[in-house]
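Here the structure is laid out as structure tokens; the discussion comes afterwards.
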Ligand code: HEC
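Numbering (our numbering), first residue to last: 10 to 192.
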């Protein structure tokens, strides 16, 4: 029985570590990791590998371009940036795929997808619903959103910083994005 409980606990522990988490930057979009010469972005999906005190080791998986081995993207079309590194080799690359393992503070991780994306989402639902109902993000591809947003941002009179947040949100939740708003 004792063995069984130990095994079960170990199993539950593994499951909790496997669950999807997200980078969370409370104010802003970028999370610069000083010692590790890396920038992550709020909302990046990550896998938690290990936890030790206030430090969490996470893994990000994605795609890299042939000509730039310092950037990791979420999708093959290289339109949604997950991480920018300053040193070749931090992203482990096999063909067009890349994996990055980094340590972040516990407070920079959340299991709540909405929380991780709330800045971009709030801006979108606030600034982009003044003249029409909220357009359904999932109805357009990342590529379409580039063009649509390009013409709408002038109407919304948003700042550059706000634009970056809204655009990340639109790309992540687009038809060919990585997340679904209903999740
Ligand atoms: C000043 C008014 C105004 C604001 C603010 C505004 N829009 Fe629009 N938008 C329009 C008008 C007018 C149309 C054309 C009629 C329609 O589709 O409702 C339109 C159309 C659209 C369409 C449909 C285009 C198509 O071809 O199907 C999308 C998508 C869109 N807007 C997204 C946005 C986003 C994202 C924002 C925020 C950055 C935004 N809009 C802010 C006025 C606005």
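The beta-carbon is built from N, C-alpha and C at its ideal position, and this holds for glycine as well.
Computed from a predicted structure; not experimentally measured.
Exposed or buried, which one is residue i when buried takes at least 16 other CB atoms within 10 Å?
i           : result
residue 35  : exposed
residue 145 : exposed
residue 80  : buried
residue 156 : exposed
residue 174 : buried
residue 198 : What is shown of the chain runs 10 to 192, which leaves residue 198 out entirely.
residue 26  : Low local confidence applies: a pLDDT of 48 at residue 26 is under 50, so the model's placement there is unreliable, with the coordinate-based value given in what follows. The residue in question, residue 26, is exposed, as its Cβ has fewer than 16 Cβ neighbours within 10 Å.
residue 160 : exposed
residue 130 : buried
Could you tell me if the beta carbon of residue i falls within a distance shorter than 7 Å of some heavy atom in ligand 1?
i           : result
residue 168 : no
residue 58  : no
residue 164 : yes
residue 151 : no
residue 158 : yes
residue 180 : no
residue 139 : yes
residue 198 : There is no way to answer for residue 198, as the model of the chain reaches only from 10 to 192.
residue 144 : yes
residue 38  : no
residue 97  : no
residue 122 : no
Find the nearest neighbour of residue i within the set the options, judged by alpha-carbon distance.
i           : options               : result
residue 82  : 186, 58 and 131       : 186
residue 66  : 89, 30 and 88         : 30
residue 90  : 160, 166 and 52       : 52
residue 138 : 155, 164, 147 and 46  : 164
residue 59  : 105, 150, 192 and 114 : 114
residue 177 : 157, 160 and 126      : 126
residue 124 : 192, 45, 46 and 43    : 192
residue 105 : 118, 76 and 151       : 76
residue 44  : 62, 96, 134 and 128   : 96
residue 162 : 129, 148, 98 and 136  : 136
residue 151 : 118, 87, 99 and 168   : 87
residue 61  : 112, 153 and 172      : 112
residue 170 : 99, 64, 100 and 133   : 133
residue 54  : 63, 42 and 122        : 122
Helix, strand or coil for residue i, going by three-state DSSP, please let me know.
i           : result
residue 51  : coil
residue 134 : helix
residue 82  : strand
residue 114 : strand
residue 92  : strand
residue 149 : coil
residue 38  : coil
residue 107 : strand
Measure how close the beta-carbons of residue i and residue j come, nearest whole angstrom, since I'm counting them as under 8 Å.
i           : j           : result
residue 110 : residue 68  : 5 Å
residue 93  : residue 48  : 4 Å
residue 71  : residue 37  : Not quite, the Cβ-Cβ distance comes to about 21 Å (not below 8 Å), so this is no contact.
residue 189 : residue 128 : Between residue 128 and residue 189 the Cβ distance is about 19 Å, and since that is not below 8 Å, they are no contact.
residue 118 : residue 73  : Wrong, their Cβ atoms sit about 23 Å apart, outside the cutoff.
Say whether chain B places a C-beta atom closer than 8 Å to the C-beta of residue i.
i           : result
residue 136 : Protein chain content of the structure displayed is limited to a single chain, and chain B is not contained in it.
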